[in-house]
Structure formats: structure tokens, C-alpha cells
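S.K.: Got a structure for you, questions after.
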Amino acid sequence: MADIAVTELSKGLRDAIAKLDASDNLESVGVVTRVGDGVAWVHGLADAGYSEVLQIETKSGIIEAFVLNLMEDEIGAVLLGSDQTVSAGDKVTLKGEVLSVPVGPELLGRVVNPLGEPLDGGPAIKSKQRGPVEREAIGVMGRKHVHEPMMTGIMAIDAMFPIGRGQRELIIGDRQTGKTAIAIDTMINQARENTGVVNIYVAVGQKLSKVAGLVERLKEEGVMDQTIVVVTGPSDPASLLYLAPYAGTAMGEYFRDNKQHALMIYDDLTKHAVAYRQMSLLLRRPPGREAFPGDVFYLHSRLLERSAKLSDDLGAGSLTALPIIETQAGDISAYIPTNVISITDGQIFMETDLFYQGIRPAISAGLSVSRVGGDAQTKAVKSVSGHLKLGLSQFRELASFAQFGSDLDEATKAQIERGQRLTELLKQHQYQPMSIWQQCASIFAVSEGLFDKVPASNIKDAQKALLTRLNSEHAKEMAELNKGSEKLEAKSDMGKLIAKVATTVAKGFEG
Amino acid sequence: MQGKISRRKLALYVADAVEAKRKLGTVLSEVAAYLVDSKRTREAELLVRAIEDELAARGIVIAHVVTARPLAKELEKAIETLIGAREIHLDADVDPSVIGGVRVETPGKLLDATIKRKLLALHQAKI
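Each protein sequence line maps, in turn, to chains A and B. Numbering-wise (the working numbering), the first sequence opens with residue 1 and increments by one. Numbering-wise (the working numbering), the second sequence opens with residue 1001 and increments by one.
Dropping the structure here:
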């Protein structure tokens, strides 16, 4: 037996040598010299490239890693799996490609890990295409200014800090202030309003119980059909946490590049930076401020730059990003918060104090801003929300001032009362995003003074009554208003109609 | 005290000595003494690889060959053509567990044409 095998092989080998260029038969190999904490050091493989995938042959199969450090005679690679089975002396080969994930409509409705492997117990994902995890952002000529609205369904945001398709709007605040809630409401609103926007929720090191609850909720709301959830939990290796946002973005870019619109939610980038810090320190890169490596700014800027509104030539698709950052005790001047604030096109700042005062969503009117969304606001919303932000910030200031004395002039009193009504009006329960017409009619009723006789505590009830009546008696007009293409003014027919209904409704709630 | 001598410099030193046909034992004991003195004995394995790499770059290749049966003269020649270096040192090993075929390992390169490898590949592909 053995005789035959050996002679056949040597003949085969001779043939192969005769036929092929000799060097083709020798594959490049390296060897693992050290391994630990999710990082493997490899000797050899001089032709490895940055971010290239390595395959490590362990006793229990192949484990992949990607190159992050290229040094004179050693490669620092981060393992994409457990480091338990990798040992010194294991053979390493190049896969010959950079990291990529499956992309396309096949992923919709699925829960996957950053490598595109299903976590929902469903069948393996068979996509026609794969997209590179790290990809250069689109250039200047491929872009267009942000001009279409991305309605969140949250009145305080859509009226005061409007978000446009292709914008990057940061959601920042302490723990337990409702950051994720805003993101979820926005996803739900896309389904309710049939905007056709694809949601991609990226959980970076989030508790798996929280993610499970979120997926359950999205299914209940019927949003899952147009959603991809990319999950990494706290027990996953740091390399997967690091990759998750990039992998999610690659999946979103497919829709952006195919004339569709996608919404990315990165929950949250603080944990992403921490995972990158861990990897960098283990790769022995020098630490800087707060022990983060020197390129932590680039880490987030290259990620968020991939969100864009494409030019008409490229199909006018868009990728909107809602990154989330968690602050410690409201400190937005820490390293990562300032970085991401400067990268994004505005931020929504959530305040703990407001949250516990019962003002939910706890959006701070003074510290939040949207730099480009104004152009994206629909005419209807814009016409009613013109001075809302200014009025609300002035009210907060006046209200704190007015605590010291009660002898105020009539004008100030009126402003404070209007402010209290507005604050009350902008409170909104979770999972209840509002349509354009609901937002417009509500704000119109309060800002035009139609509810001036309704005490602040009754505003929510009055608003509910107004919306119910408008919906049941004037459904056709409201459908028209929902298009948002017409200004809503006191002089217009629509304004007169709402004013008439609001005045009748208000009578029932006067205190 | 002098600064740390890099692995690359040490490898260059040994490679120079090999090319100059100096007595290898003396050179290696020098290097070993240096490693012990500077508490860098853990790097010995890496240093050996660095030396092999450096020699390979100069055309002196040390090849580890593993076969199931003792190496045939014919095959030896074929391997030498395959490597195609100026000076080739074959370090042949017989290991029946590879079943058949040949495995040639040079610094940074590998040709694994053993039956064992093919069977493993088949096994993995089946999974």
C-alpha cells in the first residue's frame, strides 16, 4: 500500500514541479510564538497586509484572526474567536483577503454577530454579496446635502432638533436616561410610517438580556422585517466588539448604494472605544489620554464618515447614523464624548434631572443641537416649530429665576405658563411615536394659544382629545397635513380647521 | 551598560559568521552568553527563526523534510529544484504518521503534500 502511495506521490510531485513555477507550490506560513488575552503574535508571513485575515490551524480546527500590528519580524493579530485552543507553535497562513461580511436583503429580520453568522437559531445566511468591513468613505463629489427628513416620531426631536437622512446625530447622556429608548422609537416610527428605511441596530457589548428584550419588542411592533440586529455581548472577545460597528455599517452601505435609505444605531460607542483600548494596550501600543490609544479619534471618525447622503448620480441613497455615547455624571467634556460630539452633525443631550422630574424624553433644550437637519424639516413641522427651541430654553431660564419672587409682570407670567404647557406637551411615552399631523396639530394648538385656558396638568388629555377628534372627524384633511408639504399657519384653511376643533376641545378641559 | 542589541542584529551577526565559515560552536556560545547575560533567553526560539530567515535571504536555506519512508535520492533532487537556493541543507525526518507524501518546510514557506494533510482537509471539508 504505502509503496504505491509514495511512488504515485513522487510522480505527482515531479509532474507538478514540471508544470508549475516552482515557487507557486510553496505557501507562506508563519508560526504563533505567543498567545494570550485574545492576541496572538506571529513570526514569519512577511507578506501579510494590514487588516488582512490570518488562519491559525489549531487542534480543534481553524481560528481566524486579523492583523493589526506589523513589526520587523513579528505580527500582532487579534483573534476572532476564543484564544483557549490556540497555542504557541500553531501554523498560520494568510487567507488572502481583508475581513468581509455578508450583505444584502437576505439579512433583513435576522440577528447576527459581527461576522454575519446567525445568532437567532435560523438557517445560515446565504447572501449573494459580501461587503468589506473596513471601507473608505464616499468622497466629496459623491455626496449631496441632507434634505429629506428622517422622522423619529418624537415630537421634541422632530420639532426642535430635526434629523435628516444622511445625518449623524449623537444621542448622549448618563446611564438610564432613555438613550436607547429614543433609538428604538425611531426604528418603530420607520415601520409605522412606512418610510421604507432599513434599520440596523448594532449592540456593542450590551447585556444580552437587554438585546433579547429589544428584539422581542421589535417583533411585536412589526419592525423586525426591515431590521438587522448585529449583536456582541459583554462576554464576546474585544475584537468582535471592535468590529461590530464596522460590520453593521457594511450591511447598511449595501442599502445606501442601492438607492435605499438605512438608519444605523450604534449602541454604544463608549464601549466600542473601551474595547479598542483593550486591544491596543494588549498590542503594546502606547497609551494616551485616559489610556486610549492615539488613533481613537480616527476610530470613530472613519466609522461615522461612512454615513452619507449620496448624490443623484450615485442613486441618492442615504445612510443615517444615530451613535449613542454614555457619559459619567453628565460630563460631556470627557475624551470620547468630546471626540464624537465634534465628529457628528449635532447631539441630543439627555439629562438625568429632567428624567427624574418626569420630563420624558429627558431632552435638554439648551445643550442639544442639530446642525444640518433644519433643511430636512418638512414645511408643516417647520412652520409650527419655528420658535419652539428658543421659547423652551428661555422658559427654563425664567422658571428658575421666577422661583425667587412671585411679583412678576403679566408678560413674564404668560411666558412661563406657555412654557409649562409646552414642556407638558413634549412629554411622550415610550413606543408611541407620532406622525407628522399629530405633531403639527399638537404644537399648533399650544403655540397659537388655543390651549391657554387649559391648566398644564390637563394638557396631555386635551392633546389626546384633540387628536382623536381630528382623526375621527377630519381624517382626509389630516392625511393631507401628514404629507407635510404645506405650511401650517393660523390664516390657512388647515389652521382655521384645527383652531376650531382645538377651541371646542379646550372648553372641556378648562380648570 | 550598552543598549539592547536587536534580534535582527544578532541574526545578522550569526549569518555573517556562517557565511564566513567561522566555527559555529564559538559563535553560538557567544550569542547564548549574551542572551543569558541580558535575560533574554525566552527569545531564543525567535532568534533561531530570525537566523534561518536571514540565511534564506542570503541563499542558504535550511529545509526540514518529513516523509513516511526514508527520502529517495530522486525526491531529494526534486525538492532541491523546488527550493532553488544557492546552498541547501536538508534536515530529513521520517514520521510514519504522515502516511505518505512529503512535507517540506523552509523559513516562512511550507509545501505540505502529505496524505495526512489531504485526509485532514477532506475531513474538514466534509464538516
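All residues carry an ideal CB built from backbone N, CA and C; glycine is no exception.
1) Check distances from the C-beta atoms of the stretch 1060-1076 of chain B to those of chain A and list, in chain order, the residues that come in under 9 Å.
2) If you follow the beta strand (DSSP E) that A:Ala65 is in, where does it begin and where does it stop?
3) Write down the C-beta distance between A:Glu290 and A:Tyr335 rounded to the nearest angstrom, noting that I regard them as a contact closer than 8 Å.
4) DSSP has B:Lys1109 in a bridge; who is on the other side?
5) Between the alpha carbons of A:Leu54 and A:Leu79, how many angstroms are there, rounded?
6) DSSP state of A:Asp21, grouped into three classes?
7) Starting from A:Lys179 and walking both ways along the alpha helix (DSSP H), at which residues does that stretch end?
8) Tell me where the beta strand (DSSP E) around A:Lys476 begins and ends.
9) What runs of the beta strand (DSSP E), each 3 residues or longer, lie entirely inside the stretch 96-178 of chain A?
10) Out of A:Lys59, A:Thr320 and A:Met71, state which residue places its alpha-carbon closest to the alpha-carbon of A:Val42.
11) From A:Ile163 to A:Thr344, what distance separates their C-alpha atoms?
12) Using the C-alpha atoms, what's the distance from A:Glu52 back to A:Lys95?
13) With A:His300 and A:Asn339 assumed to form a contact (beta carbons below 8 Å), what rounded beta-carbon distance in angstroms separates them?
14) Quick one: Cα of A:Ala513 to Cα of A:Gly366, how far?
15) By the three-class DSSP mapping on this structure, what secondary structure does A:Gly373 have?
16) Give the single residue among B:Gly1059, B:Ala1078, B:Arg1058 and B:Glu1054 whose Cα lies nearest to the Cα of B:Val1065.
17) Please name the residues in the stretch 360-388 of chain A whose beta-carbon is closer than 8 Å to at least one beta-carbon of chain B, in chain order.
18) List the endpoints of the continuous alpha helix (DSSP H) containing A:Leu263.
19) Using a Cβ-Cβ cut-off of 6 Å (strictly less than) and excluding sequence neighbours within five positions of B:Asp1095, which residues of its own chain qualify?
20) Taking 9 Å as the CB-CB limit, is A:Asp37 close to chain B?
21) Hey, which unbroken runs of the alpha helix (DSSP H) at 4 residues or more fall wholly within the stretch 313-390 of chain A?
22) Which same chain residues, not among the five before or five after A:Glu510, have their C-beta less than 7 Å away from its C-beta?
23) Tell me the DSSP secondary structure of A:Gly196 in three-state form.
24) Quick check: is the beta carbon of B:Arg1049 nearer than 9 Å to any beta carbon in chain A?
25) Between B:Ile1083 and chain E, is any beta-carbon pair separated by less than 9 Å?
26) Here's the rule I'm using: 16 or more other beta-carbon atoms within 10 Å means buried, otherwise exposed. How should A:Ser23 be labelled?
27) Once DSSP output is grouped into helix, strand and coil, what is the label at A:Leu392?
28) For A:Arg469, does the three-state DSSP call read helix, strand or coil?
29) Determine whether the beta carbon atoms of A:Thr320 and A:Leu263 lie at a separation below 9 Å.
30) Please name the residue in A:Val202, A:Pro123 and A:Ala65 whose C-alpha comes closest to that of A:Pro114.
31) Just to confirm, is the Cβ distance from A:Val39 to A:Lys91 under 9 Å?
32) What do you get for B:Lys1109, buried or exposed, if any count of 16 or more other CB atoms within 10 angstroms of its CB means buried?
33) Looking at the strands, I want to know which residues DSSP matches up with A:Trp41.
34) Is it buried or exposed, B:Arg1022, if we count other Cβ atoms within 10 angstroms and call 16 or more buried?
35) Alpha carbon to alpha carbon, how far is B:His1123 from A:Val513? Give it in angstroms, no decimals.
36) Where does A:Ala212 land, buried or exposed, given buried means 16+ other C-beta within 10 angstroms?
M.R.: Taking the geometry as given:
1) Thr1067, Ala1068, Arg1069, Ala1072, Glu1074 and Leu1075
2) Within the first sequence, numbered from 1, the residue matching residue 65 of chain A stands at position 65. It spans Gly61 to Leu70 - the beta strand (DSSP E) in which A:Ala65 sits, taken as one unbroken run.
3) Looking up residue 290 of chain A in the first sequence gives position 290. Looking up residue 335 of chain A in the first sequence gives position 335. Sure, about 5 Å apart at Cβ, within 8 Å.
4) The residue you call residue 1109 of chain B lines up with position 109 of the second sequence. In DSSP, B:Lys1109 forms a bridge with A:Ser28 and B:Thr1106.
5) Numbered from its first residue, the first sequence carries residue 54 of chain A at position 54. Numbered from its first residue, the first sequence carries residue 79 of chain A at position 79. So the alpha carbons of these two residues sit roughly 9 Å apart.
6) Start at 1 with the first residue of the first sequence, and residue 21 of chain A comes out as number 21. The pLDDT assigned to A:Asp21 is 39, lower than 50, so where the model puts this residue is not dependable; a value taken from the coordinates is nonetheless given after this. Residue state, collapsed to three classes: coil.
7) As a first step, residue 179 of chain A is located in the first sequence; it is residue number 179 there, counting from the start. First-last of the alpha helix (DSSP H) with A:Lys179: Lys179 to Arg192.
8) As a working note, residue 476 of chain A is residue 476 in the first sequence. Taken as a continuous stretch (DSSP letters only), A:Lys476 belongs to no beta strand (DSSP E), being part of the alpha helix (DSSP H) at Ala475 to Lys483.
9) 100-103, 129-132 and 170-173
10) Numbered from 1 along the first sequence, position 42 holds the residue referred to as residue 42 of chain A. For A:Val42, the nearest C-alpha among the options comes from A:Met71.
11) By 1-based counting over the first sequence, the position of residue 163 of chain A is 163. By 1-based counting over the first sequence, the position of residue 344 of chain A is 344. Approximately 12 Å between the Cα atoms of the pair.
12) Here residue 95 of chain A refers to the residue found at position 95 of the first sequence. Here residue 52 of chain A refers to the residue found at position 52 of the first sequence. Roughly 8 Å separates the two Cα atoms.
13) Numbered from its first residue, the first sequence carries residue 300 of chain A at position 300. Numbered from its first residue, the first sequence carries residue 339 of chain A at position 339. A:His300 to A:Asn339, Cβ: 6 Å. Contact.
14) With chain A running from 1 to 511 in the structure shown, residue 513 of chain A is simply not present.
15) For the purposes of this step, residue 373 of chain A is taken as residue 373 along the first sequence, with counting starting at 1. Of the three classes helix, strand and coil, the one that applies to A:Gly373 here is helix, per DSSP.
16) Locating residue 1065 of chain B in the second sequence gives position 65, counting from the first residue. Per the Cα distances, B:Ala1078.
17) none
18) Within the first sequence, the letter at position 263 stands for residue 263 of chain A. No alpha helix (DSSP H) contains A:Leu263, which is instead part of the beta strand (DSSP E) from His261 to Asp267.
19) Looking up residue 1095 of chain B in the second sequence gives position 95. Excluding sequence neighbours, B:Asp1095 sits near Val1066.
20) By 1-based counting over the first sequence, the position of residue 37 of chain A is 37. No, no contact with chain B.
21) 335-343, 352-356 and 379-385
22) The residue labelled residue 510 of chain A in the question sits at position 510 within the first sequence. Result list for A:Glu510: Lys453 and Val454, in chain order.
23) Position 196 of the first sequence holds residue 196 of chain A. Residue state, collapsed to three classes: coil.
24) Counted from its first residue, the second sequence places residue 1049 of chain B at position 49. So, interface residue.
25) Going by chain labels, chain E is absent from the structure shown, which instead holds the protein chains A and B.
26) Position 23 of the first sequence, counted from the first residue, corresponds to residue 23 of chain A. For A:Ser23, the pLDDT reaches just 40, beneath the cut-off of 50, and the residue's location in the model is therefore unreliable, although a value from the coordinates is still provided. That one is exposed.
27) Taking the first residue of the first sequence as position 1, residue 392 of chain A is located at position 392. Three-state DSSP puts A:Leu392 in a helix.
28) Within the first sequence, numbered from 1, the residue matching residue 469 of chain A stands at position 469. Looking at A:Arg469 - three-state DSSP - the assignment turns out to be helix.
29) Numbered from 1 along the first sequence, position 320 holds the residue referred to as residue 320 of chain A. Numbered from 1 along the first sequence, position 263 holds the residue referred to as residue 263 of chain A. In contact: A:Thr320 and A:Leu263 (Cβ atoms closer than 9 Å).
30) Position 114 of the first sequence, counting from 1, holds the residue named residue 114 of chain A. Nearest option by C-alpha distance: A:Val202.
31) Mapped onto the first sequence, residue 39 of chain A falls at position 39. Mapped onto the first sequence, residue 91 of chain A falls at position 91. Result no, Cβ atoms of A:Val39 and A:Lys91 do not sit closer than 9 Å.
32) Indexing the second sequence from 1 puts residue 1109 of chain B at position 109. B:Lys1109 should be labelled buried.
33) Counting from 1 along the first sequence, the entry for residue 41 of chain A is found at position 41. A:Trp41 pairs with A:Arg34 and A:Gly76.
34) On the second sequence, position 22 is the one that residue 1022 of chain B refers to. Answer is exposed; the Cβ neighbour count stays below 16.
35) For residue 513 of chain A there is no data in the structure shown, the boundaries of chain A being 1 and 511.
36) Reading the first sequence from its first residue, position 212 is the one you call residue 212 of chain A. The residue in question, A:Ala212, is exposed, as its Cβ has fewer than 16 Cβ neighbours within 10 Å.
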